[in-house]
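Peer 1: Take 38 as the starting number for the sequence shown in my numbering and just add one per residue. Note that beta-carbon positions come from the ideal geometry of N, C-alpha and C, so glycine has one too. My questions all concern the structure below.
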Amino acid sequence: MTNRDVHLERIEEKVRAGHRLDLQDGIACLTTPDLFGLGRLASAEKERRYGRRVTYVFNRQINPTNVCVLTCSFCDFAARPNSPKGYEMSMDEILDACKGGFREVHIVGGLHPKWPYEFYLDMLRAIRRAYPQMQIKAWTAVEVDFFGKLARKDVREVLADLKEAGLDAMPGGGAEVLSQRVRKALFPTKIGAERWLLIHRLAHEMGIRSNVTLLYGHIETAEEVADHMLQVRAAQDITGGFMSFIPLSLQAGDTGLADRPTPAGLDLRIVATSRLMLDNVPHIKAYWVMTGIPPATLSLNFGADDVDGTIGKETIAHMAGATSPVELLRGQLEEMIHDAGMTPVERDALYNDVEVAAA
Ligand code: SF4
Numbered sequence: 038m039t040n041r042d043v044h045l046e047r048i049e050e051k052v053r054a055g056h057r058l059d060l061q062d063g064i065a066c067l068t069t070p071d072l073f074g075l076g077r078l079a080s081a082e083k084e085r086r087y088g089r090r091v092t093y094v095f096n097r098q099i100n101p102t103n104v105c106v107l108t109c110s111f112c113d114f115a116a117r118p119n120s121p122k123g124y125e126m127s128m129d130e131i132l133d134a135c136k137g138g139f140r141e142v143h144i145v146g147g148l149h150p151k152w153p154y155e156f157y158l159d160m161l162r163a164i165r166r167a168y169p170q171m172q173i174k175a176w177t178a179v180e181v182d183f184f185g186k187l188a189r190k191d192v193r194e195v196l197a198d199l200k201e202a203g204l205d206a207m208p209g210g211g212a213e214v215l216s217q218r219v220r221k222a223l224f225p226t227k228i229g230a231e232r233w234l235l236i237h238r239l240a241h242e243m244g245i246r247s248n249v250t251l252l253y254g255h256i257e258t259a260e261e262v263a264d265h266m267l268q269v270r271a272a273q274d275i276t277g278g279f280m281s282f283i284p285l286s287l288q289a290g291d292t293g294l295a296d297r298p299t300p301a302g303l304d305l306r307i308v309a310t311s312r313l314m315l316d317n318v319p320h321i322k323a324y325w326v327m328t329g330i331p332p333a334t335l336s337l338n339f340g341a342d343d344v345d346g347t348i349g350k351e352t353i354a355h356m357a358g359a360t361s362p363v364e365l366l367r368g369q370l371e372e373m374i375h376d377a378g379m380t381p382v383e384r385d386a387l388y389n390d391v392e393v394a395a396a
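Given below as structure tokens:
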């Protein structure tokens with residue numbers, strides 16, 4: 038393989054020799070003029086691990102409320118307490134939304150000032166009782182930290198309560214960009230990078246595996262993105278508890294931070310760079326909800342090995358103007374994977390294979 042960018046040639050040698058990429062390598066990947074050369078490198082690395090297989094999950098996403106005490110400036114989903122735009126789902130509505138034989142339910146929402154801590158535990162218990170076969174992946178580190186304040190409990194106790202009530206795994210939201218500058222500029226009142234990483238480390242130590250996200254397409258620099266990946270890699274060296282890295286492209290929405298969807302070239306660069314930088318995070322996700330289906334399909338030839346799931350009814354990105362469908366059927370996800378020349382494999386929330394479709 039020859040690359041048109043000398044930096045990529047150096048990176049290819051390092052990858053082949055099993056050496057880790059550093060900050061400068063990450064920046065070189067994110068800024069290379071040879072996008073397809075980068076894609077070939079990342080795709081070769083994905084194929085070395087997984088061959089042509091790409092996984093997906095039959096899941097349902099539930100966002101029980103958008104009422105939130107914070108006002109992150111990139112967020113089009115949240116409504117201030119007492120705002121007419123706020124909504125709250127009842128327990129019956131939440132349980133009803135779980136109907137359908139899903140393998141996973143993914144639950145995240147706003148930081149509601151009035152819902153008691155017990156409501157979240159009751160939600161887990163009720164879902165577990167009604168749907169014992171379905172795995173529950175719920176609440177970001179930002180929410181877990183908030184629960185600690187609600188209950189006046191240490192975050193370890195909160196995680197133990199959630200686990201006992203039925204939590205199987207945590208999603209990776211709230212990481213945004215692990216950069217003090219970006220956090221200060223866009224979401225100064227949200228938990229900081231150290232706290233986010235600490236909560237995931239504690240969860241991993243307690244046997245709760247999780248994911249990790251990156252929100253891009255706003256004010257972040259290539260150096261901050263590469264550094265974000267290095268921080269994730271260092272955290273993963275300690276616990277090994279991250280299952281998947283999920284790049285999230287910012288939606289144009291009404292926040293004023295972006296006036297158009299992220300360019301497909303940037304979506305592909307981020308996926309490919311994360312595959313090469315994150316040698317210890319098993320899965321790199323092409324999250325079709327955020328990028329739309331064509332870039333997500335292309336991402337499967339740029340290093341991604343997972344497309345998340347059927348989703349059921351996505352609210353957060355669609356309130357920010359996402360133009361992707363609010364759900365996909367199993368067959369549509371498999372078609373998308375076939376379109377990329379790959380073989381779909383159904384998985385559960387913890388990335389165990391559950392069914393292999395014919396290629
Ligand atoms: S990103 Fe999360 S914490 Fe921030 S305002 Fe939106 S819902 Fe609230």
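1) With burial defined as no fewer than 16 other Cβ atoms inside 10 Å of the residue's Cβ, what is the status of A377: buried or exposed?
2) Output the boundary residues of the alpha helix (DSSP H) element that contains P332.
3) Who are the Cβ neighbours of Y157 in its own chain at under 7 angstroms, not counting the five residues just before and after it?
4) Closest to V142 by CA distance: which of F224, V104 and M207 is it?
5) Could you check where the beta strand (DSSP E) with V192 kicks off and where it finishes?
6) According to DSSP, E141 sits in a beta bridge with which residue or residues?
7) List the residues that DSSP assigns as beta-bridge partners of H320.
8) A163 and L187 - do their beta-carbons sit closer together than 8 angstroms?
9) In this structure, how does DSSP classify D304 when only helix, strand and coil are distinguished?
10) May I ask you to check if the CB of L287 is nearer than 7 angstroms to at least one heavy atom of the ligand SF4?
11) Tell me, to the nearest whole angstrom, how far the beta carbon of Q170 is from that of D205; I am working on the premise that it is less than 8 angstroms.
12) Going along the chain, which residues put their C-beta within less than 5 angstroms of some heavy atom in the ligand SF4?
13) Measure the beta-carbon distance from A259 to W233 and round it to whole angstroms, keeping in mind my assumption that it falls under 8 angstroms.
14) What do you get for I275, buried or exposed, if any count of 16 or more other CB atoms within 10 angstroms of its CB means buried?
15) Curious, which full-length alpha helix (DSSP H) runs of at least 4 residues does the stretch 222 to 292 contain?
16) With a CB to CB cut of under 6 angstroms and the five nearest residues on each side skipped, what residues in its chain are close to A240?
17) Compute the distance between the beta-carbons of A309 and A323, then report whether it is under 8 angstroms.
18) Just the C-alpha distance for H265 and R189, rounded to the nearest angstrom, thanks.
19) Drop a sphere of 10 angstroms on the beta-carbon of E194, count the other beta-carbons inside from all chains shown, and report buried for 16 or more, exposed for fewer.
20) For I307 and L235, what's the separation of their Cα atoms in angstroms?
21) So, is P284 buried or exposed, given that buried needs 16 or more other C-beta atoms within 10 angstroms?
22) Alpha carbon to alpha carbon, how far is L267 from M314? Give it in angstroms, no decimals.
23) Cα separation between A359 and I348?
24) Let me check understanding here. Comparing Cα to Cα, which of L223, L337, V326 and I245 lies closest to A295?
25) For G290 and P298, I'd like the C-alpha separation in whole angstroms.
26) Looking only at C-alpha atoms, which of Q98, R220 and W176 sits nearest to K200?
27) Here's the rule I'm using: 16 or more other beta-carbon atoms within 10 Å means buried, otherwise exposed. How should K151 be labelled?
Peer 2: Let me lay it out:
1) Classification for A377: buried.
2) Counting along the chain, the alpha helix (DSSP H) containing P332 begins and ends at I330 to S336.
3) So the list reads F184, once near-sequence residues are dropped.
4) Residue M207 is the option with its Cα nearest to V142.
5) V192 -> not in any beta strand (DSSP E); alpha helix (DSSP H) instead, spanning V192 to A202.
6) In DSSP, E141 forms a bridge with N96 and Q172.
7) Residue pairing by DSSP places H320 opposite S281 in a beta bridge.
8) Contact flag unset, no.
9) Reduced to three states, the DSSP call for D304 is helix.
10) Every heavy atom of the ligand SF4 is 7 angstroms or more from the Cβ of L287, so no.
11) A Cβ-Cβ distance of about 11 angstroms is found for the pair Q170 and D205, leaving them out of contact under the 8 angstroms criterion.
12) After applying the 5 angstroms Cβ criterion, the set is C105, L107, C109, C112, A115 and G147.
13) Contact between A259 and W233 is absent: CB atoms are separated by about 21 angstroms, not below the 8 angstroms threshold.
14) Exposed: under 16 other Cβ atoms inside 10 Å.
15) The DSSP assignment places complete alpha helix (DSSP H) segments of no fewer than 4 residues inside the stretch 222 to 292 at 230 to 242 and 259 to 276, in order along the chain.
16) Closer than 6 angstroms at Cβ, skipping near neighbours: L196, M207 and S247.
17) Taking 8 angstroms as the Cβ cut-off, A309 and A323 do not qualify as a contacting pair.
18) If you take the alpha carbons of H265 and R189, they lie about 30 angstroms apart.
19) Flag for E194 reads exposed.
20) One Cα belongs to I307, the other to L235, and the distance between them is close to 24 angstroms.
21) With 16 or more Cβ atoms within 10 Å of its Cβ, P284 is classed as buried.
22) Between the alpha carbons of M314 and L267 lies a distance of about 7 angstroms.
23) Cα to Cα, A359 sits roughly 14 angstroms from I348.
24) The option with the nearest alpha carbon to A295 is L223.
25) Here the C-alpha atom of G290 lies approximately 9 angstroms from the C-alpha atom of P298.
26) Ranked by Cα distance from K200, the options Q98, R220 and W176 are led by W176.
27) Counting the other CB atoms within 10 Å of its CB gives K151 a total below 16, which places it among the exposed residues.
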